[in-house]
Amino acid sequence: MAMLEIKDLHVHYGVIEALKGISLEVNEGEIVALIGANGAGKTTMMQSISGIVKKSAGEINFLNESIMKANPKHIVEMGLTQVPEGRRIFTGMSVYENLMMGAFLRKDKDGIKHDYEKVCEQFPILKERMNQDASTLSGGEQQMLAMGRALMAKPKLLLLDEPSMGLAPILVKEIFNIIEEINKSGTTVLLVEQNAKMALSIAHRAYVLETGKVVMSGTGEELAKSSDVQKAYLGG
Ligand code: ATP
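Per full-length UniProt numbering, residue 1 is the first one in the sequence shown, and the count goes up by one each step.
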């Protein structure tokens, strides 16, 4: 059984149809990537799943429950957390306070402490900056904070929207290494990326989106080898 199952999903912004019948699945333990050009509908997909965007038709099931009409809070409580595009960390708050905001729906104090220690291990740079205002972090550090904050919600499925956006190549590599580590330690990952090369290199499976439709899918390796994908997304 798929952890996340999406069938024939349609989303409109007024008269614009941004998603034109998308179907996809994410199985427990996987890293699944959605790749596609600007405007393909990647962010709309993520926001549809996390409950921010209203859906026109179709089905979205998470852990066998329909979340088509669920609100974002309920979806987080069910174990699905999104790291939004552009990070959106809370400025005027310290790194520590930002992390704790990620756990605001939890009541298991010991669990929160345990996950805080795990985040400190996964992101040593954050540990050094715990009391600093989050707005003073570098772009890469802010991405790490946004990911750490999402992990504080103890998600079963983590949605990452463009984790590499605006980062220097060396940091992109580091972020993707961390995504693989997070996945290996038991969190399923669905990520959206314009950096198709990096995304396909870590994804077990991937879908290619074009103007609101899935035009190709396969293992990360298959898609990385496909000449259509190479021409359109890998500059080959
Ligand atoms: P990018 O990589 O540039 O972020 P994307 O693949 O994430 O692109 P979306 O942001 O999902 O694409 O946009 C899909 C389509 O929906 C685009 O044509 C976009 O202009 C349109 N769109 C997105 N948000 C809105 C909105 N709030 N109102 C109207 N149209 C929108």
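No residue lacks a Cβ here, since even glycine has one placed at the ideal position from N, Cα and C.
Own chain residues within Cβ distance below 7 angstroms of residue i, not counting five before or after
i	result
P197	The question names Pro, but residue 197 in the sequence shown is Lys. The answer, listed in chain order, is L234.
S56	H10, V11, H12
K127	C120
K7	S23, G58, E59
Neighbourhood of residue i by C-beta, 8 angstroms cutoff - its chain only, sequence neighbours within 5 removed
i	result
L157	M3, L4, V26, F62, G79, L80, T81, T187, T188, V189, L190
A206	V32, A33, L34, I35, A199, L200, S217, G218, T219, G220, L223
A18	V11, H12, G41, T44, G212
Boundaries (first-last residue) of the beta strand (DSSP E) holding residue i
i	result
N183	It is not in any beta strand (DSSP E) - N183 instead sits in the alpha helix (DSSP H) that spans 169 to 184.
A208	Residue 208 is actually Val in this sequence, not Ala. That run of the beta strand (DSSP E) goes 205 to 210.
E25	16 to 26
L4	4 to 13
K213	213 to 219
E30	Run containing E30: none; DSSP gives neither H nor E here.
Beta carbon of residue i nearer than 9 angstroms to that of residue j
i	j	result
K22	K213	Correcting the residue type first, residue 22 is Ile in the shown sequence and not Lys. Yes.
M46	E59	no
I179	P163	yes
L151	G102	yes
L105	E65	no
Q142	A134	yes
A70	G51	yes
Q132	S185	no
M130	Y96	yes
V229	V208	yes
First and last residue of the uninterrupted alpha helix (DSSP H) at residue i
i	result
L151	139 to 151
L158	From DSSP, L158 is part of no alpha helix (DSSP H) but of the beta strand (DSSP E) over 157 to 161.
L126	124 to 128
Close Cβ partners of residue i (< 6 angstroms) along its chain, the five nearest in sequence each way excluded
i	result
E28	M3, T188
N183	I31, V189
Any chain D beta carbon closer than 9 angstroms to residue i
i	result
L80	You won't find chain D in this structure, because it holds only one protein chain.
Residue i Cβ short of 8 angstroms to ligand 3 heavy atom set
i	result
K225	For the structure depicted, ligand 3 is absent and the ligand set comprises only ligand 1.
Closer than 6 angstroms is what we want: which residues have a beta carbon that near any heavy atom of ligand 1? List them in chain order. Y13, I16, A18, G36, N38, G39, A40, G41, K42, T43, T44, Q194
Completely contained beta strand (DSSP E) runs for the stretch 37 to 115, where each covers 3 or more residues: 57 to 62, 80 to 83
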